[in-house]
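See structure below.
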Amino acid sequence: MYEPIRTKSVHTMAAAPEIPHRSREQELDIRLAGQLTALLTVTDELHALATRTDGGADQESGPDAGLDGAELATAAERIAEQVARLSGGHYPLRAEPTDGATPARIEALQQRAHTLAGNALAVATTRDDAAARELAAERMAAHAAPRRDLATA
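Oh and the sequence shown: position 58 is 53 in my numbering, straight run, nothing missing.
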(Lines of atoms letter the chains of each structure in order from A and count residues from 1; the text may use other names and numbers.)
(Lines give C-alpha, C1' and ligand atoms only; values in the text may rest on other atoms or scores of the structure.)
Protein backbone atom coordinates (compact mmCIF):
# COMPACT_ATOMS: atom_id res chain seq x y z
CA MET A 1 0.00 0.00 0.00
CA TYR A 2 2.77 2.43 0.91
CA GLU A 3 6.16 2.49 -0.67
CA PRO A 4 8.99 1.66 1.74
CA ILE A 5 11.31 4.48 2.79
CA ARG A 6 14.47 4.30 0.72
CA THR A 7 16.46 7.14 2.25
CA LYS A 8 18.21 7.20 5.57
CA SER A 9 16.58 8.88 8.48
CA VAL A 10 17.50 12.47 9.21
CA HIS A 11 18.43 11.41 12.71
CA THR A 12 20.95 8.81 11.60
CA MET A 13 22.58 11.30 9.23
CA ALA A 14 23.06 13.84 12.01
CA ALA A 15 24.90 11.32 14.14
CA ALA A 16 27.35 10.41 11.37
CA PRO A 17 30.88 10.01 12.73
CA GLU A 18 32.52 11.73 9.75
CA ILE A 19 31.32 15.15 10.92
CA PRO A 20 34.15 16.74 12.90
CA HIS A 21 33.22 18.16 16.26
CA ARG A 22 35.27 20.61 18.28
CA SER A 23 35.66 20.59 22.01
CA ARG A 24 34.54 23.47 24.20
CA GLU A 25 38.18 24.52 24.65
CA GLN A 26 38.71 24.63 20.89
CA GLU A 27 35.57 26.71 20.44
CA LEU A 28 36.73 29.14 23.13
CA ASP A 29 40.17 29.36 21.48
CA ILE A 30 38.55 30.23 18.16
CA ARG A 31 36.24 32.78 19.76
CA LEU A 32 39.04 34.43 21.75
CA ALA A 33 41.28 34.58 18.68
CA GLY A 34 38.45 36.24 16.77
CA GLN A 35 37.83 38.84 19.46
CA LEU A 36 41.54 39.61 19.72
CA THR A 37 41.87 39.86 15.93
CA ALA A 38 39.04 42.40 15.85
CA LEU A 39 40.74 44.31 18.68
CA LEU A 40 44.00 44.19 16.72
CA THR A 41 42.31 45.74 13.68
CA VAL A 42 40.93 48.64 15.73
CA THR A 43 44.28 49.06 17.53
CA ASP A 44 46.08 49.23 14.18
CA GLU A 45 43.57 51.84 13.00
CA LEU A 46 44.12 53.95 16.12
CA HIS A 47 47.90 53.57 15.76
CA ALA A 48 47.74 54.75 12.14
CA LEU A 49 45.65 57.76 13.13
CA ALA A 50 48.01 58.59 16.01
CA THR A 51 51.13 58.46 13.83
CA ARG A 52 49.47 60.22 10.88
CA THR A 53 48.27 63.18 12.92
CA ASP A 54 51.24 63.30 15.32
CA GLY A 55 53.71 65.01 13.01
CA GLY A 56 55.75 66.33 15.91
CA ALA A 57 52.92 68.54 17.17
CA ASP A 58 51.91 68.80 20.79
CA GLN A 59 50.17 65.53 21.67
CA GLU A 60 47.41 67.10 23.79
CA SER A 61 46.37 69.83 21.37
CA GLY A 62 45.76 67.69 18.26
CA PRO A 63 42.67 65.70 17.35
CA ASP A 64 44.38 62.57 18.65
CA ALA A 65 44.62 63.67 22.30
CA GLY A 66 45.00 60.53 24.38
CA LEU A 67 46.54 58.43 21.59
CA ASP A 68 50.11 57.28 22.06
CA GLY A 69 51.49 55.78 18.85
CA ALA A 70 54.31 53.85 20.52
CA GLU A 71 52.01 52.38 23.17
CA LEU A 72 49.46 51.38 20.51
CA ALA A 73 52.20 49.73 18.39
CA THR A 74 53.39 47.71 21.40
CA ALA A 75 49.82 46.72 22.23
CA ALA A 76 49.19 45.64 18.64
CA GLU A 77 52.26 43.40 18.69
CA ARG A 78 51.22 41.82 21.99
CA ILE A 79 47.72 41.19 20.65
CA ALA A 80 49.14 39.64 17.46
CA GLU A 81 51.32 37.33 19.57
CA GLN A 82 48.30 36.16 21.56
CA VAL A 83 46.31 35.52 18.36
CA ALA A 84 49.24 33.53 16.95
CA ARG A 85 49.45 31.48 20.15
CA LEU A 86 45.74 30.69 19.97
CA SER A 87 45.84 29.98 16.22
CA GLY A 88 48.62 27.44 16.27
CA GLY A 89 51.42 29.86 15.39
CA HIS A 90 49.65 31.61 12.51
CA TYR A 91 49.91 35.39 12.83
CA PRO A 92 46.77 37.28 11.81
CA LEU A 93 46.51 39.29 8.64
CA ARG A 94 46.75 43.01 9.32
CA ALA A 95 44.26 45.33 7.64
CA GLU A 96 45.26 48.58 5.95
CA PRO A 97 43.99 51.50 8.06
CA THR A 98 41.59 54.00 6.55
CA ASP A 99 41.73 57.79 6.49
CA GLY A 100 39.64 60.22 8.51
CA ALA A 101 41.16 61.35 11.80
CA THR A 102 38.20 63.33 13.06
CA PRO A 103 37.67 63.51 16.83
CA ALA A 104 34.33 61.72 16.45
CA ARG A 105 35.98 58.86 14.54
CA ILE A 106 38.74 58.53 17.11
CA GLU A 107 36.17 58.49 19.91
CA ALA A 108 34.13 55.83 18.09
CA LEU A 109 37.25 53.69 17.57
CA GLN A 110 38.18 54.05 21.25
CA GLN A 111 34.68 52.96 22.25
CA ARG A 112 34.79 50.02 19.83
CA ALA A 113 38.21 48.95 21.14
CA HIS A 114 36.90 49.14 24.72
CA THR A 115 33.93 46.94 23.81
CA LEU A 116 36.09 44.40 21.96
CA ALA A 117 38.57 44.26 24.85
CA GLY A 118 35.64 43.61 27.21
CA ASN A 119 34.41 40.77 24.99
CA ALA A 120 37.91 39.30 24.86
CA LEU A 121 38.17 39.60 28.64
CA ALA A 122 34.92 37.67 29.09
CA VAL A 123 36.06 34.86 26.79
CA ALA A 124 39.56 34.76 28.31
CA THR A 125 38.02 34.50 31.78
CA THR A 126 35.76 31.66 30.66
CA ARG A 127 38.74 29.95 29.04
CA ASP A 128 40.88 30.60 32.14
CA ASP A 129 43.67 32.11 30.04
CA ALA A 130 45.71 34.38 32.34
CA ALA A 131 47.86 35.97 29.61
CA ALA A 132 44.90 36.89 27.38
CA ARG A 133 42.88 38.02 30.40
CA GLU A 134 45.68 40.36 31.52
CA LEU A 135 46.12 41.78 28.00
CA ALA A 136 42.38 42.33 27.54
CA ALA A 137 42.08 44.06 30.93
CA GLU A 138 45.00 46.36 30.06
CA ARG A 139 43.43 47.27 26.73
CA MET A 140 40.07 47.91 28.38
CA ALA A 141 41.70 50.29 30.84
CA ALA A 142 43.70 52.01 28.09
CA HIS A 143 40.62 52.60 25.94
CA ALA A 144 38.44 53.60 28.88
CA ALA A 145 40.75 56.47 29.93
CA PRO A 146 40.06 58.68 26.88
CA ARG A 147 36.33 58.13 27.33
CA ARG A 148 36.56 59.32 30.93
CA ASP A 149 38.51 62.37 29.80
CA LEU A 150 35.83 63.20 27.26
CA ALA A 151 33.08 62.72 29.85
CA THR A 152 34.65 65.18 32.29
CA ALA A 153 35.46 67.80 29.63
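The C-beta atom is built at its ideal place from N, Cα and C for all residues, glycine as well.
Just so you know, these numbers come straight off a predicted model, no measurement behind them.
Can you find the residues in the same chain that come closer than 7 Å, C-beta to C-beta, to residue i, ignoring five residues on each side of it along the sequence?
i    : result
D30  : Note that residue 30 is Gln in the sequence shown here, rather than Asp. Only L111, N114, A115, V118 meet the Cβ criterion.
T139 : According to the sequence shown, residue 139 is Ala rather than Thr. Answer for A139: H109, listed in chain order.
L67  : T38, L41, H42, A45
A132 : L116
M135 : H109, A112, G113, L116
P15  : none
Rounded C-beta distance between residue i and residue j? I'm assuming under 8 Å.
i   : j   : result
L35 : A71 : 6 Å
A28 : L81 : 4 Å
Q77 : A33 : Contact doesn't hold; Cβ gap of about 13 Å is too wide.
A96 : R47 : 6 Å
Can you find the residues in the same chain that come closer than 8 Å, C-beta to C-beta, to residue i, ignoring five residues on each side of it along the sequence?
i    : result
A79  : H85, Y86, P87
L104 : V37, E40, L41, L44
E20  : R122
I0   : none
L23  : V118, T121, R122
R73  : L130
Return the chain-ordered list of same chain residues with a C-beta closer than 6 Å to the C-beta of residue i, the five sequence neighbours on each side being excluded.
i    : result
A90  : T36
R171 : No answer is possible for residue 171: it lies beyond the span of the chain, which begins at -4 and ends at 148.
Q106 : none
Contact between the segment 123 to 133 and the segment 94 to 106: three or more CB pairs below 8 Å?
-> no
Which ranges would you report for the alpha helix (DSSP H) in the segment 75 to 125 if only whole runs of at least 4 residues count?
-> 98 to 122
Enumerated in chain order, which unbroken segments of the beta strand (DSSP E) with a length of 3 residues or greater are wholly contained in the segment 27 to 51?
-> none
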